[in-house]
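> As you go down the protein sequences, you meet chains A and B in turn. Numbering-wise, my numbering puts 58 at position 58 of the first sequence, and it's gapless, one number per residue. Count along the second sequence from 1, then add 1000; that gives the number in my numbering.
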Amino acid sequence: MPEDVNAELRVVGSCIEEIITPSLAYQHEKVGGWVNSVVESCMRALTELKMPRKYIVHCTVLQKSGAGLYSNTACYWDSSSDGYFTHRTENSTLICVTTVYGIAL
Amino acid sequence: MAAKNPTEVLAADGQQRVKILNPTYQMKPREGTKFLKRDVEMTMSAILQKKLQDKEYDPAEQGTLTKELCTEIQTAVKKMGYDRYKIVIQVNITEAKGQGIRIASRCLWDPDQDNFAESVFKNQHLWCCALCFGCYWE
C-alpha cells in the first residue's frame, strides 16, 4: 500500500458524509441516485488531486433489515505501488460501504 | 514508462549477475491479450454457479466462502492470459431477506484498454455479486 493516501482518504470521506447524512432514510426509488452521486462526487474529487493513478470507486448501499453482507476483495497487482481503502458509514436505516482502489500507472 | 533499475540475480552457476531490463515501448496490450468482458463474465458465472448452487446463507461460513470465491475467480482470470493486466476482484454476498441493495462503480482509466466484468448469482437464500476489474499496466 503506498504511503501517501491521506489526501484521498480525506476527500472521499468528506464527499460521502455530504450525501449519506445521519438522517437519510432508505428509499428504494432514490437510492440509485444517491449511489450515483456518491461515486461521481468521489471520482471528481479524486481526479482533482491529479495523482498518477487509475482509480476505481465502488459503493454499496444496503438497507438495514437484519440480513448480513459479506464482501471480499482479491487483487493481482504490485502491492508497493497499488492499494485500496474502505470507508464505511451507516445510519439507522442503511449502511454505505465505499471502496476506492488506486492503481499506479 | 521507466526502464527497470538493474537488479542483482543469482545465475545457475552460483555467480551474481546484473540484469538490466530495457523498456519495451509497449503502449497497448498485445494481440489476443486484451481484457475481454464476455469471456471473463462466462468464467465468473460458471464459478459462482458451481460453488453457490443450493447453498444456504450461513453467517459462520460466509466469510470463508467469499474468500474462496475471490481466490478461485482470481486464479481463473489469471489463467486466461491477460498479459500486463492488474486484476481486482470483489465479491459481495448477502442474505435474501427482501432488503434493498444498490451497488455502483465509477472508474478513472483508459477505456480502450481497461474494462470490467460482472456476474450476479441468486437463489432463494442468498444473492451474490462478483466484479472483476482489469487495468492495463503500461
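All C-beta atoms in this analysis are idealised placements derived from N, C-alpha and C, irrespective of residue type, glycine included. The model shown is predicted, which means the values in this text are computed figures rather than measured ones.
1) Find the residues of chain B that neighbour A/S65, judging by a C-beta separation of less than 8 Å, and give them in chain order.
2) According to DSSP, simplified to helix, strand and coil, what is B/I1020?
3) At what residues does the beta strand (DSSP E) containing B/I1087 begin and finish?
4) List, in order along the chain, the chain A residues whose C-beta lies closer than 7 Å to that of B/A1104?
5) Quick check on the DSSP output: the alpha helix (DSSP H) that includes B/V1040 runs from which residue to which?
6) Taking the alpha-carbon of A/A25 as reference, which of A/G102, A/A104, A/V61 has the nearest alpha-carbon?
7) What does DSSP give as the partner residues of A/C42 in its beta bridges?
8) If the cut is a Cβ gap below 7 Å, which residues of chain B does A/I56 touch?
9) Among the candidates B/I1093, B/N1022, B/R1102, B/V1040, whose CA atom is the shortest distance from the CA of A/A67?
10) CA-CA distance, A/W77 and B/Q1090?
11) On the DSSP bridge list, what partners appear for A/A67?
12) Once the 5 residues before and after B/A1003 are set aside, which same chain residues still bring their CB inside 7 Å of it?
13) Can you say whether B/N1115 is buried or exposed, counting buried as having 16 or more other CB atoms within 10 angstroms of its CB?
14) Going by DSSP, what residue range makes up the beta strand (DSSP E) through B/S1119?
15) Note the first and the last residue of the continuous beta strand (DSSP E) segment covering A/S81.
Here's the rundown:
1) Within 8 Å of the CB of A/S65, the CB atoms of chain B belong to K1097, G1098, Q1099, in sequence order along the chain.
2) Three-state DSSP puts B/I1020 in coil, outside helix and strand.
3) It spans 1085 to 1095 - the beta strand (DSSP E) in which B/I1087 sits, taken as one unbroken run.
4) Chain-ordered, the chain A residues with CB closer than 7 Å to the CB of B/A1104 read V35, N36, V39, C59.
5) Segment 1037 to 1052, the alpha helix (DSSP H) holding B/V1040.
6) Cα-wise, what sits closest to A/A25 is A/V61.
7) A/C42 pairs with nothing; no bridge assigned.
8) Those within 7 Å of A/I56 in chain B are V1088, S1105, C1107, F1133.
9) Of the listed residues, the one whose Cα sits closest to A/A67 is B/I1093.
10) Distance between the alpha carbons of A/W77 and B/Q1090 is about 14 Å.
11) DSSP lists no partner for A/A67.
12) For B/A1003, the predicted structure reports a pLDDT of 48, less than 50, and the residue's modelled location is therefore unreliable. The matter cannot be settled from this model.
13) Answer is buried; the Cβ neighbour count reaches 16.
14) Its beta strand (DSSP E) spans residues 1115 to 1122.
15) According to the DSSP assignment, A/S81 belongs to no beta strand (DSSP E), since it is labelled neither H nor E.
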